[in-house]
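Participant: Note that the protein sequences, when read in sequence, are chains A and B.
Residue numbers for the first sequence follow the numbering used here, beginning at 181 and rising by one.
Residue numbers for the second sequence follow the numbering used here, beginning at 181 and rising by one.
Dropping the structure in here first, questions after.
Protein chains: 2
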Amino acid sequence: MSESIYLHDIPLAEAQQRLEDALRAVERWGILGVEEIPLDENAIGRVLAEAVFARISSPHYHASAMDGFAVHHHATEGAQPNTPVTLPCRSEEGGAQYVDTGDPLPEWANAVIPIENVEPLDDQDQPTAELRSPRTIRIRAAVTPWSHVRPLGEDMVATQLVLPGGHRLRPVDLGALAGSGGSRVQVVRKPRVAVLPTGTELVPVGTAVKRGDIIEYNSLVLAAQVNSWGGQAERYPITPDQFELICQKVQEAADHTDLVLLNAGSSAGAEDFSARVVETLGRLFVHGVAVRPGHPVILGMVRRSEQAAEGGEVPIIGVPGYPVSAALTGEIFVAPLIARWLGQPAADPAVVQATLTRKITSPAGDVDYMRVAVGKVGPRMLAAPLSRGSGVISSLVKADGIAILPAGMQGLPAGATIEVRLYTPAADLEKTIFAIGSHDISLDLMAQFLAQRSRRLSSANVGSQGGLVALRRQEAHLAGSHLLDPETGEYNIAYIRQYLPNTAVRLITLVNRQQGFMVRRGNPLRILSLEDLARAEVAFINRQRGAGTRVLLDYELGKKLIDPASISGYNQEEFTHLAVAAAIASGRADCGMGIAAAAQALELDFVPLLEERYDLVIPLEHYESGLLQPLLELLFDGKYQQAVAAMPGYDIRPMGTEVIIPVLGELPTDQS
Amino acid sequence: MSESIYLHDIPLAEAQQRLEDALRAVERWGILGVEEIPLDENAIGRVLAEAVFARISSPHYHASAMDGFAVHHHATEGAQPNTPVTLPCRSEEGGAQYVDTGDPLPEWANAVIPIENVEPLDDQDQPTAELRSPRTIRIRAAVTPWSHVRPLGEDMVATQLVLPGGHRLRPVDLGALAGSGGSRVQVVRKPRVAVLPTGTELVPVGTAVKRGDIIEYNSLVLAAQVNSWGGQAERYPITPDQFELICQKVQEAADHTDLVLLNAGSSAGAEDFSARVVETLGRLFVHGVAVRPGHPVILGMVRRSEQAAEGGEVPIIGVPGYPVSAALTGEIFVAPLIARWLGQPAADPAVVQATLTRKITSPAGDVDYMRVAVGKVGPRMLAAPLSRGSGVISSLVKADGIAILPAGMQGLPAGATIEVRLYTPAADLEKTIFAIGSHDISLDLMAQFLAQRSRRLSSANVGSQGGLVALRRQEAHLAGSHLLDPETGEYNIAYIRQYLPNTAVRLITLVNRQQGFMVRRGNPLRILSLEDLARAEVAFINRQRGAGTRVLLDYELGKKLIDPASISGYNQEEFTHLAVAAAIASGRADCGMGIAAAAQALELDFVPLLEERYDLVIPLEHYESGLLQPLLELLFDGKYQQAVAAMPGYDIRPMGTEVIIPVLGELPTDQS
């Protein structure tokens, strides 16, 4: 029988419950152990295993709070500005003794007079420069008992609670522990987690890849997650897809760690051994969880062997191989387990309510972890869904948070309010500039420059017209656009009038750039003109409808009366210049229209056809906001201009120029 | 001339500006260097020194997104449920080839049919169990080009921006860097910070202290702070107060680190060498900053010696000796400097607006860093000021945040709205139970037990009556009270009627406990009755007015017609049982009234006088809230009860009992 019968998704809550039940049964559903460590700076972040009570008081004696003279308050009675009192500098009641801050008070004293309130006198009762060892002192004010004294226990009294058990140590806590007499501290042992990558197709980070090689970085992400959650990860080298070898490594890992993460092989493919490994070495109780991405999760327990220092069973999680699935499996299953083992409550991420920018669908029956970019446009906090692909790790990198759509919800309309669990600190969301519309590589460069100016540029590529629609829906701060009006030969203005008739906008040129054909090196098919696209052997790759490049192509085709149906691949659409270039580089297509920089990026040849203007469309409301000022300043920043000019096919001379949008249908009023 | 002339406070902003100017002049006002590190889990938290662009695309070939059969879409045309198409399993256009998820697509293929949509057949065209190596496959649906394929560059396209410079690496970032072909990464070098404790009176953590010894833990706190901010701290052993020795150590530290923190000696006392050390080894430009706590700060630059590998000047900060001052100097001066050196914006702490619970005064002219406990009582977020003492590190441990009162503000009334920079995550503030009133050690134990039940108990000791006043002002969730009504002999009820006439409250007994005299071991003065307090040789230490213990004492003195004026020390007040005990243990007083547990804590003898009831007064509104449920459950938790009962003088039998508060002035209505 096929392994695929094992893969049967169960609800997330049930999967978590089975894991909890299994761990409770073997008494591994709480802290795993306690260790004593020295109280030094490495104790930061560790969790106290028990309450700490003060061993000694702090201060542990009555201490002077100032540099000055210790006295008994009785000896100062009657001292006033006009009737000073003189005290001999002798260490006895009735006298005065110099003390530094922190010095113990003499037994006979109960107050300190700060040095600046004292007149030091020599043996002729004349003022002396011997501030600290005069013969007598003269004072002109009486003192109250215990003034300028830090009494024993002012900070902490012996036996009082210093910190509760379960507390995660911060820098000041170390001070309180040390000050109350501690020098070692009982902390919860860090859970040890083995991360075991398997797969014959995997190659280690840094390998020069060949076709079919997959760079193995899930173990890196999982190990880094484990460490950042307070565990101690141990990365294993890649094990090829050999059943016995995997069994051997899993057994070895289980024998000396608290949790085994077996990466990939958790699905039901030809080389997916994980389920069988778990059944062989212990028991499998979950294979498949109704969660996206990441449903082929395996949960089970592995028996420790006789070689192990300690017996019993150890949990194993079969982590799916797609990188987004792997990272989310870490968040969903591993993070709560480590928290539990550290005696900590599960992490309570900050959340924000946000408005969904576009309609989404969600697999019925699955809990759906949707990555979103979050930013504030005008008064509204917006959540823009990012790529749903479980192979797209860059979507997790770009994500400001995760919206969890419960099982049973099949989708949400644009404008719905969703709760986002934030990765990005809430304060940073206010620094996010949402750019939408056409893609240009100068926006990537802009993101890099803005990062150093306390702004985050989150750009979504939906084509020029998509960008104007988004502005109309108040879902972005600006849109990149290069939409040619076939009637006037002018860029963008006609489209702004059409899409944003009631919005005051500024139209600012970013660059002029060359558009042309991207073709493979040497242009083997000699594609030089639009007419060549209709040749039978030429496979074209197009941009999506609404993209400025598409409008330009259609305009040029129309002028030349070339029927799009004659172009093979005209209906194959990609959403960015780079994606078009990638399609050509990989042989998926022979030719696409785009910009020179994209061609250069993928080592393609470029056949220039014409120059076009690429503008930023910015609603006045945002143009005048503080949020966008660093971006607008960048247009006049020499370093940014230089970086853009260094790319082929870019003309930065018009950068920052405002294009005046003439007012339609309004004539100057004649008042005469 | 005295060193004291140096100490002259300047405004905080000016001090920070002088430091910035000095660092700009030597080109140390930006990142200090770049280093290349391997891309492994230790890269977490490091800051990218430059933008990273993708070296290779991910995937770097067209990859199958499923386990299934690679085909060209043309070969599937016409396949429908009733008109299936059969394809030979051959690797060529027109055929089908089995692929696992992640496998490269054959050159001739442009789509994948998932295995579950395929009928595998043997050479007699009969169904076969050979799922992956049948002779032919039968399909009943056509596929579109590129379906179930992850095209080259789906995740990242070579040359695109992966992460901007200045980005602090998180686990998923490591995946994106590795997946786009990175194996090493250029990061900002960690600033090296020397932490140099000085002081003849200092002893290392863990020393058995004698009178006058001060446990040196500032270097521990400072080093832990530095590391947690992304620097690399180096702690030096304690240097005694010897000018030449300190100079030598400072020079040594300056020669191989980026910043020297010279702890203590920054004031103007007899052994405060720091200013002179800085002047000798370089230049001093700030001695004294108008900030509390922590004003005797020193800022300067030290020249590196000829022995140093690199020349130039290194900043030095003379950090004040009081622990709160030291930790805040770290936050005010060191944290922003490390952020600057890491190329990061200064930390932007979460803030919350809160209502001040009591009037505060602030030193005119100083920026005042006031530590506060923060919690939500009813609809209001409250900030309760904690101890202002710069020696009270426990106040920083308890602080949920800092309110910064600008220079010039001399105080604020209770009820004022203040902005608090939070240490505690905002989500945790909602879990804070504010207990106020009389102190009892069972509340310390309660804090420990509640910490494991996702609640934080923040207790302020203001005496029983102070607690009822706070409840009236809606500044706490509950008050501990043991106020005897001399008229009725009943506890608390009369006071509740007086202070909370319009509030529905529950009165729940926590414990019965013994009150008596705390005296030194062996009771050398044989203090056995209230009459003994009036003896001339007995020095008494009292509780503050409003404290239940004080009410009890006054009641008993009144019954016996003993004049308080006859008791020496009657006007000396402490605010907690433990503080009274500490006063006796240290010899400051001979006798005080309090509870047995406090006496035991400080190894005093206890002379029981009577038993009293200690209740919790809880407004109904809070009693019924989810917030307090874990606390109320604790009263019936065997482990908590046991822990309280284990303390001497405690009777837990009435724990959790509700005391009925009879309604006044309402008689049953006679309806007949």
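Heads up, the beta-carbon is just placed ideally off N, CA and C, and yes, glycines get one too.
Please confirm whether A:S661 and A:G728 have their CB atoms less than 8 Å apart.
Facilitator: Yes, Cβ-Cβ distance for A:S661 and A:G728 is below 8 Å.
Participant: Should A:N722 go down as buried or exposed, given a rule of 16 or more other Cβ atoms within 10 Å for buried?
Facilitator: Label assigned to A:N722: buried.
Participant: Determine the contact status of A:A719 and A:S766, defining contact as a CB-CB distance below 8 Å.
Facilitator: Result no, Cβ atoms of A:A719 and A:S766 do not sit closer than 8 Å.
Participant: When the cut-off is 8 Å and only beta carbons count, does B:D785 lie next to chain A?
Facilitator: It does not; no Cβ of chain A falls within 8 Å.
Participant: List, from N- to C-terminal side, the beta strand (DSSP E) runs of 3 residues or more that fit wholly inside the stretch 390 to 456 of chain B.
Facilitator: You should have 394 to 396, 412 to 415, 439 to 443.
Participant: Distance check for B:L585 and B:L713, CA to CA, integer angstroms please.
Facilitator: Near 45 Å, if we compare the C-alpha coordinates of B:L585 and B:L713.
Participant: Secondary structure at B:R730, three-state DSSP: helix, strand or coil?
Facilitator: Here B:R730 sits in helix by DSSP.
Participant: Which same chain residues end up closer than 8 Å to A:P525 when comparing Cβ atoms and leaving out the 5 residues on each side of it in sequence?
Facilitator: Excluding positions up to five away in sequence, the list reads A519.
Participant: By Cβ distance below 8 Å, which residues in the same chain neighbour A:G702 in space, the five residues on each side in sequence not counted?
Facilitator: Taken in chain order, the residues that qualify are D785.
Participant: Looking only at its own chain, which residues have a Cβ that is under 7 Å from the Cβ of B:P848, when we skip the five neighbours before and after it?
Facilitator: Annotation note: pLDDT 47 at B:P848 (below 50); position unreliable, no value reported.
Participant: Just to confirm my understanding: we take A:G359, look at its own chain, exclude 5 residues before and 5 after, and list those with CB closer than 8 Å. What are they?
Facilitator: Counting only Cβ-Cβ distances below 8 Å, and skipping sequence neighbours, we find S238, D335, M336.
Participant: Can you pull the chain B neighbours of A:P294, defined as C-beta to C-beta under 7 Å?
Facilitator: Neighbours of A:P294 on chain B: none; closest Cβ ~11 Å, over 7 Å.
Participant: In chain B, which residues lie less than 9 Å from A:G774 when you measure between Cβ atoms?
Facilitator: None at all; the shortest Cβ gap to chain B is about 12 Å.
Participant: From this set, A:G501, A:I496, A:Y502, A:G523, which residue's C-alpha is nearest A:F513's C-alpha?
Facilitator: For A:F513, the nearest C-alpha among the options comes from A:I496.
Participant: Rounded to the nearest angstrom, how far is the Cβ of B:A506 from that of B:V499, given a contact under 8 Å?
Facilitator: That belief holds up - the Cβ atoms of B:A506 and B:V499 are roughly 5 Å apart, short of 8 Å.
Participant: Note down the Cα distance separating B:I916 from B:E792, rounded to an integer number of angstroms.
Facilitator: The shown model of chain B, from 181 to 852, leaves out residue 916 of chain B, and the question about it has no answer.
Participant: Under DSSP, the beta strand (DSSP E) around B:Y750 begins and ends at which residues?
Facilitator: Per DSSP, B:Y750 belongs to no beta strand (DSSP E) and is neither H nor E.
Participant: Could you give the first and the last residue of the continuous beta strand (DSSP E) run that contains B:S639?
Facilitator: Element bounds for B:S639: 636 to 641.
Participant: Hey, out of B:A530, B:S575, B:E599, whose CA is closest to B:A607's CA?
Facilitator: For B:A607, the nearest C-alpha among the options comes from B:A530.
Participant: With C-beta atoms as the reference, is B:I563 less than 8 Å away from B:V552?
Facilitator: It should be pointed out that residue 563 of chain B corresponds to Ala in this sequence rather than to Ile. It is a contact, given that the beta carbons lie within the stated cut-off.
Participant: Going by the beta-carbon positions, is the gap between B:R330 and B:A250 smaller than 8 Å?
Facilitator: Contact flag unset, no.
Participant: Consider the Cβ of A:H242: report whether some Cβ of chain B lies at a distance smaller than 8 Å.
Facilitator: Yes, contact with chain B.
Participant: Could you say which of A:V440, A:Y549, A:D831 lies nearest to A:A374 if we only look at CA atoms?
Facilitator: The option with the nearest alpha carbon to A:A374 is A:V440.
Participant: Between which two residues does the alpha helix (DSSP H) containing B:K556 stretch?
Facilitator: No alpha helix (DSSP H) holds B:K556; the beta strand (DSSP E) holding it covers 547 to 557.
Participant: Check the C-beta distance from A:P503 over to A:I598 and give it rounded, since I have them as a contact under 8 Å.
Facilitator: About 24 Å separates the two Cβ atoms, so there is no contact after all.
Participant: Just to confirm my understanding: we take A:G282, look at its own chain, exclude 5 residues before and 5 after, and list those with CB closer than 7 Å. What are they?
Facilitator: Excluding sequence neighbours, A:G282 sits near A243, S244.
Participant: Exposed or buried, what is B:I217 when buried is set at 16 or more other beta-carbons lying within 10 Å of its beta-carbon?
Facilitator: Classification of B:I217: exposed, given that the 10 Å Cβ count is below 16.
Participant: Would A:N407 pass as a contact of A:N443 if the rule is Cβ separation under 8 Å?
Facilitator: Contact flag unset, no.
Participant: Is there at least one Cβ from chain A nearer than 8 Å to B:N407's Cβ?
Facilitator: It does: the Cβ of B:N407 has a partner Cβ on chain A nearer than 8 Å.
Participant: Thinking C-alpha only, which one of A:D546, A:I613, A:L782, A:P828 is nearest A:L807?
Facilitator: The shortest C-alpha separation from A:L807 is found at A:I613.
Participant: Closest to B:A656 by CA distance: which of B:I616, B:F755, B:V430 is it?
Facilitator: Nearest option by C-alpha distance: B:I616.
Participant: Ends of the alpha helix (DSSP H) at B:Y679?
Facilitator: 673 to 679 is the extent of the alpha helix (DSSP H) around B:Y679.
Participant: Which value, in whole angstroms, describes the spacing of the CA atoms of B:V389 and B:D546?
Facilitator: C-alpha separation (whole angstroms): 35 Å.
Participant: Counting only the same chain and skipping the five closest in sequence on each side, list residues whose C-beta sits under 6 Å from that of A:R483.
Facilitator: Closer than 6 Å at Cβ, skipping near neighbours: G462, E493.
Participant: What separation, rounded to the nearest whole angstrom, lies between the Cα atoms of B:I418 and A:M246?
Facilitator: In a straight line, the C-alpha of B:I418 is about 22 Å away from that of A:M246.
Participant: Near B:W288, which residues of its chain fall below 7 Å by C-beta distance, leaving aside the five closest residues on each side in sequence?
Facilitator: For B:W288, where only same-chain residues beyond five positions count, the Cβ hits under 7 Å are H252, E272, E273.
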